[in-house]
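Notes for the one structure printed next.
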Amino acid sequence: MIPEFRDDGFLPEGLHKASKSEVLFRFGTTTRQRRRLALRLKRWIELAFAIDAIRLVVDGSFVTSKSEPNDIDAVMQIPPNFRQLVGDQIDEAVELESMFLSRQPQEIFAAEDDDDWNAWIEFFSRTRTSDGRRKGLIEIEL
354 MIPEFRDDGF
364 LPEGLHKASK
374 SEVLFRFGTT
384 TRQRRRLALR
394 LKRWIELAFA
404 IDAIRLVVDG
414 SFVTSKSEPN
424 DIDAVMQIPP
434 NFRQLVGDQI
444 DEAVELESMF
454 LSRQPQEIFA
464 AEDDDDWNAW
474 IEFFSRTRTS
484 DGRRKGLIEI
494 EL
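Counted the way the numbering used here counts, the sequence shown spans residues 354 to 495.
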C-alpha cells in the first residue's frame with residue numbers, strides 16, 4: 354500500500370511496495386503531465402516484465418504531491434543474463450540497453466547487482482534540498 358504524503362510533499366521514508374495498477378492510478382491520472390509521465394513508466398514496467406528484471410523502483414517529482422511533476426526517475430535491477438539477452442537481440446533488452454547507454458530518457462538507470470541497487474536506493478532516498486532529508490520511494494511489484 355502506498356502511504357499518504359508527509360507535510361513536505363514527499364512519501365514517508367522507506368521503500369514502499371505497490372502494484373503497477375496502484376502506482377499508475379495513484380500518481381498517473383490527475384493531470385495531463387502526470388498521464389504523460391505514467392505512459393513512460395508503463396513502458397518501463399512492460400520492459401521490466403519482458404526481461405525478468407529483479408526489481409524496479411520509482412522516484413522523482415512523479416511520486417510527490419506536486420500536481421505538475423517535472424520528471425520520473427527509475428532504477429531497474431537487471432537480471433544476470435541481461436547481456437546475453439542483448440546479444441541475442443531480444444527486442445525489449447535492446448531497447449532498454451539503448452535507454453541505459455544513451456540516457457534517453459535521462460531518468461532510467463540500471464543496477465547490475467545488489468551493490469549497485471543499494472547505492473541507487475541510497476542516492477534517491479535523499480531530497481535535493483539543502484538538508485538532504487530522507488524520503489520514501491516506490492518499488493513496483495514485478
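Backbone N, C-alpha and C define an ideal beta-carbon position, used for all residues, glycine too.
Just mark residue i as buried or exposed, buried being the case when its beta carbon has 16 or more other beta carbons within 10 Å.
i: G413; result: buried
i: A472; result: exposed
i: P433; result: exposed
i: L368; result: exposed
i: R388; result: exposed
i: T382; result: exposed
i: L454; result: exposed
i: T384; result: exposed
Closest to residue i by CA distance: which of the options is it?
i: F477; options: P365, M354, G489; result: G489
i: S420; options: F380, R396, G367; result: F380
i: F462; options: I407, A403, D426; result: D426
i: F358; options: F415, R436, D424, E494; result: F415
i: I431; options: L377, D405, E448; result: D405
i: A464; options: Q442, D441, R436, D484; result: R436
i: G375; options: V411, E448, F363, G362; result: The question names Gly, yet the displayed sequence has Glu at residue 375. Nearest option by C-alpha distance: V411.
i: D469; options: V428, R385, A446; result: V428
i: P422; options: L390, V439, L400, G440; result: L390
Starting from residue i, trace the beta strand (DSSP E) both ways and give me its first and last residue.
i: F462; result: 461-464
i: I491; result: 489-493
Quick one: give me the first and last residue of the alpha helix (DSSP H) that residue i is part of.
i: I474; result: 467-477
Could you round the C-beta distance between residue i and residue j to whole angstroms and report it? I think they count as a contact, below 8 Å.
i: Q398; j: K373; result: Residue 398 is actually Ile in this sequence, not Gln. Indeed, because the Cβ distance is near 5 Å, the residues count as touching under 8 Å.
i: L495; j: R408; result: 7 Å
Completely contained beta strand (DSSP E) runs for the segment 358-385, where each covers 3 or more residues: Within the segment 358-385, complete beta strand (DSSP E) segments of at least 3 residues are found at 367-371, given in chain order.
Segments assigned beta strand (DSSP E), at least 3 residues, entirely inside the segment 398-459: Listed in chain order, the complete beta strand (DSSP E) runs (minimum 3 residues) inside the segment 398-459 are 408-412, 426-430.
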